[in-house]
Amino acid sequence: MLANAEIVRRFLELKHQVHPDVVSYIREQNDPTLIDRIAAGVPGDTLVISAEHIPGLKKVRDGTRFLVDPELEVIMGSAGTTGSVSGHEDAVHYFRDRYNCLSSMLRARMNVMPIEALAKSPHRYRDEECSVIGMVADVRTTAKGHRLVEVEDPTGAIRVLFNKGRDDSFAEAERILPDEVLGVKGKLSNDGGLFFAEQLFRPDVPINNAPFKSDRPGKAVLISDVHVGSDTFLEDGWNRFADWLQDSDAGYLLIAGDLVDGIGIYPGQDNELTIKNIYEQYDVFAEMLRDLPSRIRIVAAPGNHDVVRMAEPQPAIPPEFTAKFPSNCTLVENPCLLNLQGVRVLMYHGRSIDDMIGLIPGASYERPGEIMEEMLKRRLLASPYGMRTPIAAMKNDRLVIDPLPEILLTGHVHICGITRYRGVLGVNAGTWQAQTAFQKQMNIHPTPARAFIVDLQTLQPEVMDFS
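Residue 1 is where the sequence shown starts when you use UniProt numbering, and the numbers rise one by one after that.
And the structure:
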């Protein structure tokens, strides 16, 4: 099997640099001749070889667009669809649904066998390269610095060792999260008690993913974390934004949670509120929305400061708090999947970012775009169960990213971020709240009063600063 360094060296000898996606693809195909075939078809003035230079690899769109409403359709996360958790039996269905959905994405790229088969016939597979798919039940670093991961499928469990001396797989092994689903290629130990990993696979966005673009003009404005009622809410910045919307050609406004600051969210919050009644907070927010142009379709989702349960998926804001909202505002759950003129937008408040930053080496609140890429690689909005992000284990896992969106919109961390990963545009829309006392303690510097405008015909973003 070719190592990453060997693939890069071969391309350098042919006077080319190569994109990491192409390196991963060649390793996955395990075909050394692919290097020469790619290089042979590349124009002479090409500096970096990308996925578009791979022969025979055609761009493929994820799914067909059926437009029930040609303007705005809520594909997933309509108000009232979340449901409730009935008992521990739902947890079994929940994790089985996650495994089935994500493992099916991996099976198209791997020839896998049940873990039970390795356990029952270790001598048969001892020197044979084989592959398994499992959900991560436990992950830790050994005393010698290796990465030991226990994965399980419906048939059994096995311990997988990622050797720190294998640079190709160990860097990704350090980023393995609890409860994600991954594939591993490797060999069984002599006694059958350990699986030595050689290559790691994630569900990921296909390298040939082709995003859908609208066939007619349309622009969507993406924001998050308004925090009405807080003494650090930037009313002047919001008013400048509202004035700009009056003359803009935007057709949609998406708000990814934390519409208000809430009540009793953290100790001492009362001292930082200008509106201490939760109903009044939503009434003021409703008035702000009514002042916006009625031609704009508004979609508002909850966040962890809103008056719904903390556990995700979160239901839409209840009617008793939204009676004064304008008729052009659609209330949705968190997360939700929207269809804007055929362009799919996955809107998720983003509380799981806290967990991912704590578990992924080098991750930072200052770079939320990188965390959105990690979500897309795992095809999961929230992976670890039982940490800071409460998850309602229902019969279906609504946190699985399927189908793929054209745009992933998050918030929560109050810092703007943008990325484009294999055709998917990731946007963290920041906040409309200045730095809080807690953020000062944590040395977090928000980027407030920003709005992202995305052209639905080109999927090109623009950032407007109203601070």
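For each residue, glycine too, the CB sits at the ideal point set by N, CA and C.
All of these numbers come straight from a predicted model, not from anything done at the bench.
When only Cα atoms are considered, L399 and D355 end up about 15 angstroms apart. Rounded to the nearest whole angstrom, the CA to CA distance from L72 to D21 is 33 angstroms.
Judged by DSSP in its simplified three-state form, D455 adopts strand.
According to the DSSP secondary-structure assignment, R450 is paired through a beta bridge with D465. Nearest Cα to S364 within the set E406, C336, K440, I444: I444. In this chain, the alpha helix (DSSP H) harbouring K377 covers 368–378.
In the three-state DSSP reduction, D153 falls in the strand class (E or B). In this structure A220 is buried. Its beta-carbon is surrounded by 16 or more other beta-carbon atoms within 10 angstroms.
Between the segment 243–256 and the segment 211–225, the count of Cβ pairs shorter than 8 angstroms is three or higher; the stretches touch. Contact annotation: Y282 and F321 have beta-carbon atoms nearer than 8 angstroms. The DSSP-derived three-state label of D236 is helix. DSSP places T431 in the strand class (E or B) of the three-state scheme. A Cβ-Cβ separation of about 17 angstroms leaves L273 out of contact with G303 under the 8 angstroms criterion. With contacts defined as CB atoms closer than 8 angstroms, I317 and V308 qualify as a contacting pair.
A distance below 8 angstroms separates the beta carbons of P448 and Q433. Per DSSP, reduced to three states, the secondary structure at V226 is coil, with no helix or strand assignment.
Out of D465, R422, A429, the CA that lies nearest to the CA of S24 is found in R422. Short of 6 angstroms from the beta carbon of L177, and not among the five residues preceding or following it, lie these beta carbons of its own chain, in chain order: L359, S383, P384. Three or more pairs of CB atoms, one per stretch, sit closer than 8 angstroms, so the segment 101–110 contacts the segment 127–135.
At the C-beta level, L381 and M76 stay beyond 8 angstroms of one another. Per DSSP, the unbroken alpha helix (DSSP H) holding P319 starts and ends at 319–322. Secondary structure at G350: coil, using DSSP grouped into helix, strand and coil.
With respect to the 8 angstroms criterion, V151 and A157 are classified as neighbours on the basis of their beta carbons. Residues P315, A316 of the same chain have their beta carbon placed closer than 8 angstroms to that of G80, with the five preceding and five following residues left out of the count. If one requires a minimum length of 3 residues, the beta strand (DSSP E) runs lying completely within the segment 34–80 are 72–78, in chain order. Residue burial annotation: L340 is buried, with at least 16 other C-beta atoms found within 10 angstroms of its C-beta.
For G264, the three-state secondary structure derived from DSSP is coil. The beta carbons of E280 and T389 sit no closer together than 8 angstroms. Secondary structure of V299 (DSSP, three-state): strand. Between the alpha carbons of M288 and N328 lies a distance of about 13 angstroms. Straight across, the Cα-Cα distance linking G262 with G268 is about 12 angstroms. For I415 and A451, the gap between their C-alpha atoms comes out near 12 angstroms.
For the pair K185 and V343, the CB atoms are not nearer than the 8 angstroms cut-off.
Going by beta carbons, D397 and D204 fall outside the 8 angstroms limit. Residue environment for R379: buried (at least 16 other C-beta atoms within 10 angstroms of its C-beta). For the options I353, K187, M394, L234, the alpha carbon positioned closest to that of S467 is the one of L234.
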